[in-house]
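Novice:
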Amino acid sequence: MIVVRTPLRLSFLGGGTDFPDYYHEQGGIVISTAIDKYVYVIAKERFDDKIYVNYSQKEIVERVGDLRHELVREAMRITGVERGIEITTLADIPSSGTGLGSSSAVTVGVLQALYTYQGVIVTAETLAQQACEIELLRCHKPIGKQDQYISAYGGLRQITFNANGHIEVEALGFDPVLIQRLNRNLMLFYTNITRSADAILAEQRDHIADRRAFLDALRDLAARGRACLGAGDLDTFGRLMDEGWELKKRLASGVSNDNLDGLYTAAREAGALGGKIAGAGGGGFLLVYCPLEKQEAVRQALSHLRELPFQFERDGSKVIFNIRR
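Okay, so the sequence shown: first residue is 37 according to our numbering, each after it adds one.
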């Protein structure tokens, strides 16, 4: 039996510039972190030759090609596992529609579990690249590439997407005290709205050429955010998140709505300096940057929402239990 733990993520700045259609021309930058909320993947050998896959549904099939769970199906194809296995996925929070990168965490985690099941050790880079291949090329998801990389690598990172296709993943190894301060100044609230991001992301992808100026500005904000962190200027970093959110709303019609705008405005009026809806927008989690002395006021302003405390996660996808015959 193999158990793999893969972190979910929060993206601060630069989201949208990780779409290949954009960064192959302009180059992209995102600032993201893994968090201590996880997707777990369990892989266990079966006595028979059938394939069992357990998630919100249960599938029992004879052949890989018969699986409806396309991420598991393509991960099995790419790793060469064909039969006699049971795969189970579990998540700390709702596994879809929350904006925390759960689909990519599942893909990375299943790849890690299947390679480990065969006794093969692979790098974080391989996991990220193959997860991107599965989601973007094989399953034709209208998404970018930051989620797969941050789930595979973990940590607080700048991910640079170069026009030539090369992706650089850099750990932001600032003073640990500074990183702890940043973590403490962030608050995460569940909006009670789940949504499918596909329509939002498809619109965003299809209008990259029309909205390139906004994407350029988002990329440049990420670079400025990196500089703010390097200088220890956390409050300016938080204000850049506000600028980024205003730009993000220009990328697709479903990124925000009156309800979400009301929540964000309430947080800002209570003392938050910036924030955003996690992921593509439209629902899921509201992330805000707020100095400690204003956080109780923000909690009161959003008292009807559930707050989710979290910590930054240093590690990416990792095997936490491994017994193979």
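For each residue, glycine too, the CB sits at the ideal point set by N, CA and C.
In terms of alpha-carbon separation, which member of G261, E81 and F48 lies closest to L136?
Specialist: As a first step, residue 136 is located in the sequence shown; it is residue number 100 there, counting from the start. The shortest Cα separation from L136 among G261, E81 and F48 belongs to F48.
Novice: Going by DSSP, name the residue or residues bridged to E122.
Specialist: Locating residue 122 in the sequence shown gives position 86, where the first residue counts as 1. BP columns for E122 point to K80 and Y88.
Novice: To test your reading of the DSSP string, which unbroken beta strand (DSSP E) runs of 3 or more residues are found completely within the segment 207-260?
Specialist: Counting only runs of 3 or more, we get 222-226.
Novice: Suppose you measure from the CA of C326 to the CA of T42; what does that come to, to the nearest Å?
Specialist: Within the sequence shown, residue 326 is the residue found at index 290, counting from 1. Within the sequence shown, residue 42 is the residue found at index 6, counting from 1. Spanning the two alpha carbons is a distance of roughly 27 Å.
Novice: For the segment 268-323, which segments carrying the alpha helix (DSSP H) assignment without a break, of at least 4 residues, lie completely within its bounds, in sequence order?
Specialist: Whole alpha helix (DSSP H) segments, 4+ residues: 270-284 and 294-306.
Novice: Can you tell me the Cα-Cα spacing of S187 and G63, whole angstroms?
Specialist: Position 151 of the sequence shown, counted from the first residue, corresponds to residue 187. Position 27 of the sequence shown, counted from the first residue, corresponds to residue 63. So the two alpha carbons sit approximately 21 Å from each other.
Novice: Would DSSP call R335 helix, strand or coil?
Specialist: Start at 1 with the first residue of the sequence shown, and residue 335 comes out as number 299. Helix.
Novice: Quick one: measure Cβ to Cβ for V146 and I129, integer angstroms, because I've assumed they're closer than 8 Å.
Specialist: As a working mapping, residue 146 is identified with position 110 in the sequence shown. As a working mapping, residue 129 is identified with position 93 in the sequence shown. Wrong, their Cβ atoms sit about 18 Å apart, outside the cutoff.
Novice: Let's test the definition: count the other Cβ atoms within 10 Å of the Cβ of F55 and tell me whether it reaches 16, buried, or not, exposed.
Specialist: Taking the first residue of the sequence shown as position 1, residue 55 is located at position 19. Burial call: buried.
Novice: Below 7 Å between beta carbons: does that hold for I121 and R82?
Specialist: For this step, residue 121 is matched to residue 85 along the sequence shown. For this step, residue 82 is matched to residue 46 along the sequence shown. Taking 7 Å as the Cβ cut-off, I121 and R82 qualify as a contacting pair.
Novice: Can you tell me the Cα-Cα spacing of D297 and E332, whole angstroms?
Specialist: Counted from its first residue, the sequence shown places residue 297 at position 261. Counted from its first residue, the sequence shown places residue 332 at position 296. Cα to Cα, D297 sits roughly 20 Å from E332.
Novice: Tell me whether V156 is buried or exposed, calling it buried when 16 or more other Cβ atoms sit within 10 Å of its Cβ.
Specialist: Residue numbering aside, residue 156 sits at position 120 when the sequence shown is read from its first letter. Counting Cβ neighbours within 10 Å, V156 comes out exposed, since fewer than 16 surround it.
Novice: My assumption, with CB atoms under 8 Å, is that A283 sits in contact with G261. Please give the rounded CB distance.
Specialist: Locating residue 283 in the sequence shown gives position 247, counting from the first residue. Locating residue 261 in the sequence shown gives position 225, counting from the first residue. Correcting the residue type first, residue 283 is Leu in the shown sequence and not Ala. 13 Å between Cβ atoms; not a contact.
Novice: Keeping to the same chain, check which residues put their C-beta closer than 6 Å to that of T227; ignore five residues upstream and five downstream.
Specialist: Taking the first residue of the sequence shown as position 1, residue 227 is located at position 191. G319 and L322.
Novice: Output the distance between the C-alpha atoms of D72 and L192, rounded to the nearest integer angstrom.
Specialist: Counted from its first residue, the sequence shown places residue 72 at position 36. Counted from its first residue, the sequence shown places residue 192 at position 156. C-alpha separation (whole angstroms): 12 Å.
Novice: If contacts are defined as beta-carbon pairs under 8 Å, then A149 and S138 qualify, I think. What distance do you get, rounded to the angstrom?
Specialist: The sequence position of residue 149 within the sequence shown is 113, counting from 1. The sequence position of residue 138 within the sequence shown is 102, counting from 1. So it is not a contact: roughly 16 Å between Cβ atoms.
Novice: Could you tell me which residues DSSP pairs with K73 in its beta bridges?
Specialist: Here residue 73 refers to the residue found at position 37 of the sequence shown. According to DSSP, K73 bridges with nothing at all.
Novice: For G274, which residues from the same chain have a beta carbon less than 6 Å from its beta carbon, with the 5 sequence-adjacent residues on both sides left out?
Specialist: To locate residue 274, count along the sequence shown from 1; it is residue 238. Cβ neighbours of G274 beyond the five flanking positions: L309, G310 and Y325.
Novice: Do I356 and the ligand NAD come close, with the Cβ less than 6 Å from some heavy atom?
Specialist: Looking for the ligand NAD in the displayed structure turns up nothing, as the structure carries no ligands at all.
Novice: Shortest alpha-carbon distance to Y74 belongs to which of V100, L107 and T134?
Specialist: Working through the sequence shown from its first residue, we reach residue 74 at position 38. For Y74, the nearest C-alpha among the options comes from T134.
Novice: Which two residues bound the contiguous beta strand (DSSP E) that contains P43?
Specialist: In the sequence shown, the residue the question calls residue 43 occupies position 7. I38 to L49 is the extent of the beta strand (DSSP E) around P43.
Novice: Using a threshold of 7 Å, state whether the C-beta atoms of V39 and F357 are closer than that.
Specialist: Translated into the one-based positions of the sequence shown, residue 39 becomes position 3. Translated into the one-based positions of the sequence shown, residue 357 becomes position 321. Contact: yes.
Novice: If you drop the 5 nearest sequence neighbours on each side, which residues of the same chain put their C-beta closer than 8 Å to that of W86?
Specialist: Position 50 of the sequence shown holds residue 86. The question names Trp, but residue 86 is Lys in the sequence shown. So the qualifying residues of the chain are I96, V97, E98, R119 and G120.
Novice: L31: which of G201, T230 and A267 sits nearest, CA to CA?
Specialist: With the chain represented from 37 up to 361, any question about residue 31 goes unanswered, as that position is not in the structure.
Novice: Once the 5 residues before and after A316 are set aside, which same chain residues still bring their CB inside 6 Å of it?
Specialist: For the purposes of this step, residue 316 is identified with residue 280 of the sequence shown, where counting begins at 1. Only A233, I236 and L237 meet the Cβ criterion.
Novice: Going by DSSP, what residues sit across from T162 in a beta bridge?
Specialist: Here residue 162 is taken as the residue at index 126 of the sequence shown, counted from 1. Paired residues: none, contrary to the question.
Novice: Can you tell me whether D242 is buried or exposed? The criterion is at least 16 other CB atoms within 10 Å of its CB, across all chains shown.
Specialist: As a position in the sequence shown, residue 242 is number 206, starting the count at 1. So D242 counts as exposed.
Novice: Measuring alpha carbon to alpha carbon, tell me which of G201, Q336, L163 and R109 ends up nearest H60.
Specialist: Position 24 of the sequence shown, counting from 1, holds the residue named residue 60. Residue G201 is the option with its Cα nearest to H60.
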